[in-house]
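S.K.:
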Amino acid sequence: MDNPLVRSLSEAFFQTLSSDQRVRKNAEDNIRAASGQPGFALSVLQVVALDAPIEIRQAAAVNFKNHVKFNWVPGNDDRQPIPDSEKEQIKSLLTGLMLSTPPLARAQLSEALSVVSSHDFPRRWATLLPELTERLKSGDAGTVHGVLETANSIFKRFRNAFMSQSVNEDLKHSQQFVEPLLTSLQGLTNGIREASDPATLKQLLSSTRLVLRIFFSMNNPGLTEEFEAVLDKWMAEFHDLLTYSNAALVESDPEQESVVDAVKAAVCENLYLFIQINEDEFEKYLKTFAQDVWTELTKVSLNPGQDNLAMSAIRFLTALAKSVHSKLFSDDSTLKQVCEHIVIPNIRLRDDMEEMFEMNWVEYVRRDTEGSDNDTRRRAATDLVKALTARFEAQVTSLFSGYVAALLAEHASNPAQNWKAKDCALYLVVALAVRGRTAAAGVTSTNQLVNIQDFFNQQVLPELTSPAVDELPILKADALKFLTLMRGQLSTQAVMATFGNLAALLRADSNVVHSYAALAIERLLASRENGRPRFTPGDLSAHLSPLFENLFLAFQKPESAENEYLMKCVMRVITFVGTDIAGVATMCLQRLAAMLLQVCQNPTQPGFNHYLFESVAALIKYSAAADVSKVAELEEHLFPAFNIVLQQDVQEFHPYVFQIFAQLIELRPAPLPAVYMSIFKPLLAPLFWERPGNVPALTRLLQAFCSKAMAEIMQQGHLEAMLGIFQKLMASRTHDQDGFKILEALLNNSPPNTLQPYMAMVWTILFQRLQAAKTARFVRGFLVFLSHFVVKRGPAALQASTDTLQPGVFLMILQQVWMPSMGNVRGDSGEKLVAVASTKVLCELSGLQTARSADGALIWGQLLAATLKSLEQRGEQESTEEAQPEALEDLAEESQGYTAAFAQLHNAARADADAAPDVRDPRQNLAASLARLSQASPGQVSQLVQCSLTSDLQQKLQQYCQIAGVTVA
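Set out below in structure tokens:
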């Protein structure tokens, strides 16, 4: 260990494992400081290679992986990329080191190699595959396995890759590995046939699985000529592996997957891939593999350890059912066997799922409702039913309906004991009935041969209306899920009648049941019909008080104190009823404030916390809208929790608290109470602004302060500190828009002479950023700010202010920034603002009509043309937006959850202020303004219009004039 950096890093990685937090932090700081030194990555890799305790080597491997991930190629941040010379040394060592390190460190190096290869292979790492191929010939089982692990990580790039020229070139280069890979598989399968020792067999089969996964990756983009030439040999190996069995390799633990099952599952995944993308080439192997997979499925047990094999095999049959070869399933006998031997056994509730329902309700709900059940037997079996129904609708519906009836009869014979039969029936009906669904609307199309409403009335509604809310909880959960899923297919009257029952089910002891009840209520209230809300606040009024009582009682149930589904329901109900919340506002405020105090002590559930603050923001928004005097009561209940957040530096809650402070400030008349002004100065501290998640929320809060306390801000001498924040934000590509918002707030709320002494500095900062690091986003923000300035102070004031730096700067801005960017501004208020400002510049700025660009063109005419084009583009966008389905709103609401960067509260959002409220239509405003200008200079404006505009634009302007009832002379 002659290298001092390697020695010091080894010691530092050892110290990161210390139980002493100070020692750990000091070591982490030292490693972070060293990461900027030349040779750091290579030195960390050398630590991994040391004959040192595995814990140190693993810590170094993790650090190496992360360093490579963020520093191999230059990024948009200030990180120093690894020098090319060091990269070459790393690549020369990485493959060999991977094969010689212990498994835990090897896994990290494998990820690092995957990152490196994704950037450098094959163009800048042409030796990688030849090196791996050579090592594959070693004959050493451990080395072969390591090489295959490495190759597997490299070729994963081809999975789901969009076929581009670059991907095609990489794939073509990779074909040199096809023959060695097949040879390796043949050697492994020969070894499997000859070996008898279980340990040796497990090693060989584990390596075989890696070969199969590499085959999957390399064939994901499509079958290449090299693979097609030897496809018969591959398929022969697949057949042998699917039919292989060895009693000595059966896992004794039913929870664990055997290595044989893992190999067979990998074969099934490859077959699934081929039936999807290489259907023609696969046809001659079809009957053989259909029989192999069917035979395997009939032998698969219900043990969790065989889930992967069962799901892969069922997925293959599902793909087969969707293909042109679906006729293999067409006779009743085959369909009967599919239902009896595959569908029903795999849809039936297993003991482990029942245990999950009771012992791990969060995971059960997540799997069942959030689309994360893809890797379950139930999902695989229901997908098979859907595929068969799509091909043979009448036949499958008739046959499977008989099984549904039999299951329901089994349940009816002894409901208390045979409830699992009804659970199975409900899942089978959903599989038969559903044709299309979305997150926002639930099921959107169904199998017309299944009467959803009748089934709901006869089998689902009795579960929902039963007064025994704790009886047979899984059936209650099934019924709630059915209602939520099928809400769009049930009559509005039938759904509306369930609100009282749903409120009652919130009292259930089962976490899953009261969570599903909350989820059902939340989704029903969000549902729309013909583009409009399906229900009105009046539909909920009779249930509002018991609904909130039961919701807040549910939080007191064990393990539901921070139940995200309950809190999202609270938020939805408050938002849905709007100002009708007044009757229960005090009760809601007290409960929510108490919960805030609790979570502020120890925040653990980001999703729950987000919806809690969103609920508070909604309560403020609607209760204060009904009665502004409520603001003081809101502050009284909420400030104790907010004080904890600020005093104890609960960082994850800072953005929420800042947004709600802004919301409360905007509801108050000026002057603000002293308590608000007491927090203003600390908000300007650099520490707050260094945390990226705080910046948009702090900006929002400063905007609120400017709107209500600008005089106090000036009197207390805080203006320069705010301009300092603006300067800092302008240096950031991420937060420059927040800088513009602060500048606009100062501009819109301060007297003209207040900012004048600082404007030269402001323009210098903006122009330097424009020259050094211009982005489309920055230019849009700059244009919007310029437009605010024009509307607030007038175009002459803007020209005078900018030209203090250099005469003629404003005309340069018009040509190089303003006009080229007008079409890029988005949003009604922004587009209108720019149009109104452009009109003011055209009609109020003296001298512009004669100013010419470098090519001699009239700048006035260019600006008029750009303004007309922008207005026409705005009209086209409005037409497009009107054509969008209303469901987009609901889709957006689906993703309103927590994000690490900035958790915006939608209910606390700042109202989109209209900077030009006196202008109703910017098109008519342009026409009227030009008409007034032409009256002051008869004949000049019409002549400018004729020589500056194309005939199309002249026609558009004439239309504006006709609508406005004016003439440009």
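In UniProt numbering, the protein residues as written are 1 to 969.
Cβ coordinates follow ideal geometry from the N, Cα and C atoms, glycine included.
All of these numbers come straight from a predicted model, not from anything done at the bench.
Can you check whether the CB of Tyr272 is closer than 8 Å to the CB of Ala236?
M.R.: The answer is no: Cβ separation not under 8 Å.
S.K.: Is Ser821 closer than 8 Å to Leu783 when the C-beta atoms are compared?
M.R.: Yes. Within cutoff.
S.K.: I'd like the ranges of any alpha helix (DSSP H) spanning at least 4 consecutive residues and lying wholly in the stretch 807 to 852.
M.R.: Complete alpha helix (DSSP H) runs here, min 4: 809 to 813 and 828 to 844.
S.K.: Determine the contact status of His735 and Ala915, defining contact as a CB-CB distance below 8 Å.
M.R.: Not closer than 8 Å, so no.
S.K.: Report the partner residues of residue 986 according to the DSSP bridge assignment.
M.R.: It is not possible to answer for residue 986, since the shown part of the chain is limited to 1 through 969.
S.K.: Decide yes or no for the touch test of the stretch 751 to 767 against the stretch 793 to 810: beta carbon pairs closer than 8 Å, at least 3 of them.
M.R.: Touching, per the Cβ criterion.
S.K.: Leaving aside the five residues before and after Leu408 along the sequence, list all residues of the same chain whose C-beta is less than 8 Å from its C-beta, in chain order.
M.R.: Taken in chain order, the residues that qualify are Ala421, Lys422, Ala425 and Gln459.
S.K.: Rounded to whole angstroms, what is the Cα-Cα separation between Ala617 and Val577?
M.R.: When rounded, the distance between both Cα atoms is 14 Å.
S.K.: Check whether the Cβ atoms of Lys869 and Gly794 sit closer than 8 Å, and answer yes or no.
M.R.: The answer is no: Cβ separation not under 8 Å.
S.K.: Is it a yes or a no for the stretch 355 to 369 touching the stretch 568 to 587, going by three-plus beta-carbon pairs under 8 Å?
M.R.: Result no; under three Cβ-Cβ pairs closer than 8 Å.
S.K.: Classify Glu893 as helix, strand or coil using the three-state DSSP reduction.
M.R.: Low confidence applies to Glu893: its pLDDT is 36, below 50, so where it sits in the model is not reliable, and the reading given next is rough at best. In the structure shown, Glu893 sits in a helix (DSSP, three-state: H, G or I).
S.K.: Can you give the Cα-Cα distance for Phe13 and Ser92, rounded to whole angstroms?
M.R.: Near 24 Å, if we compare the C-alpha coordinates of Ser92 and Phe13.
S.K.: Glu636: buried (16+ other C-beta within 10 angstroms of its C-beta) or exposed?
M.R.: With fewer than 16 other Cβ atoms within 10 Å, it is exposed.
S.K.: By Cβ distance, which residues of its chain are closer than 8 Å to Leu949, with the 5 residues on each side in sequence left out?
M.R.: Hits under 8 Å: Gly861, Leu864, Ala865, Leu868 and Leu957.
S.K.: Using the DSSP secondary-structure output, state which residues sit across from residue 983 in a beta bridge.
M.R.: Nothing in the structure corresponds to residue 983, since the chain is present only between 1 and 969.
S.K.: Asn278 and Val260 - do their beta-carbons sit closer together than 8 Å?
M.R.: No; because the gap between Cβ atoms is not below 8 Å, this pair is not in contact.
S.K.: Whose C-beta lies closer than 6 Å to the C-beta of Leu702 among residues of the same chain, with five residues either side of it excluded?
M.R.: Only Ile742 meet the Cβ criterion.
S.K.: Taking C-beta to C-beta, are Tyr516 and Leu485 nearer than 8 Å?
M.R.: Cβ distance not < 8 Å, so Tyr516 and Leu485 don't count as in contact.
S.K.: Which of the three DSSP states is assigned to residue 970 in this structure?
M.R.: The chain is shown from 1 up to 969; residue 970 falls before or after that span and cannot be answered.
S.K.: Give the C-beta separation of Val73 and His119 to the nearest angstrom, bearing in mind that I take them to be a contact with Cβ-Cβ under 8 Å.
M.R.: So it is a contact: roughly 6 Å between Cβ atoms.
S.K.: Drop a sphere of 10 angstroms on the beta-carbon of Val324, count the other beta-carbons inside from all chains shown, and report buried for 16 or more, exposed for fewer.
M.R.: It is exposed - the Cβ of Val324 has fewer than 16 other Cβ atoms within 10 Å.
S.K.: Tell me whether Asp51 is buried or exposed, calling it buried when 16 or more other Cβ atoms sit within 10 Å of its Cβ.
M.R.: Counting Cβ neighbours within 10 Å, Asp51 comes out exposed, since fewer than 16 surround it.
S.K.: So what's Asn501 in DSSP terms, helix, strand or just coil?
M.R.: Helix.
S.K.: Kindly indicate which residue of Asp649, Pro558 and Ala290 has the alpha-carbon position closest to the one of Gln601.
M.R.: Residue Asp649 is the option with its Cα nearest to Gln601.
S.K.: Just to confirm my understanding: we take Asp539, look at its own chain, exclude 5 residues before and 5 after, and list those with CB closer than 8 Å. What are they?
M.R.: Cβ neighbours of Asp539 beyond the five flanking positions: Met496 and Phe499.
S.K.: Restricting to runs no shorter than 3 residues, where is the beta strand (DSSP E) found entirely within the stretch 426 to 496?
M.R.: Those beta strand (DSSP E) runs which fall completely within the stretch 426 to 496 and span 3+ residues are 434 to 438 and 442 to 446.
S.K.: Is the CB-CB distance between Phe64 and Val44 below 8 Å?
M.R.: It is a contact, given that the beta carbons lie within the stated cut-off.
S.K.: Taking only the alpha-carbon atoms, compute the straight-line gap between Lys202 and Val144 and give it to the nearest angstrom.
M.R.: Rounded to the nearest angstrom, the two C-alpha atoms are 14 Å apart.
S.K.: Quick one: Cα of Thr699 to Cα of Phe661, how far?
M.R.: Distance between the alpha carbons of Thr699 and Phe661: 12 Å.
S.K.: Does Arg487 pass the burial test, meaning 16 or more other C-beta atoms within 10 Å, or should it be called exposed?
M.R.: Under this definition Arg487 is a buried residue.
S.K.: Distance check for Asn270 and Lys322, CA to CA, integer angstroms please.
M.R.: About 17 Å.
S.K.: Taking all protein chains shown into account, decide if Ile54 is buried (16 or more other Cβ within 10 angstroms of its Cβ) or exposed.
M.R.: Exposed, because fewer than 16 other Cβ atoms sit within 10 Å of the Cβ of Ile54.
S.K.: Could you tell me the alpha carbon to alpha carbon distance between Ser629 and Ser35, rounded to whole angstroms?
M.R.: Going by the C-alpha atoms only, they are around 56 Å apart.
S.K.: Using only alpha-carbon positions, find the residue among Leu335, Gln598 and Ala412 that is nearest to Gln395.
M.R.: Here the closest residue by C-alpha is Leu335.
S.K.: Pair every Cβ in the stretch 209 to 225 with every Cβ in the stretch 147 to 160, then say whether three or more of these pairs are closer than 8 Å.
M.R.: The stretch 209 to 225, when compared against the stretch 147 to 160, does touch it at the 8 Å Cβ threshold.
S.K.: Can the beta-carbon of Leu502 be found less than 8 Å from the beta-carbon of Ile521?
M.R.: Taking 8 Å as the Cβ cut-off, Leu502 and Ile521 qualify as a contacting pair.
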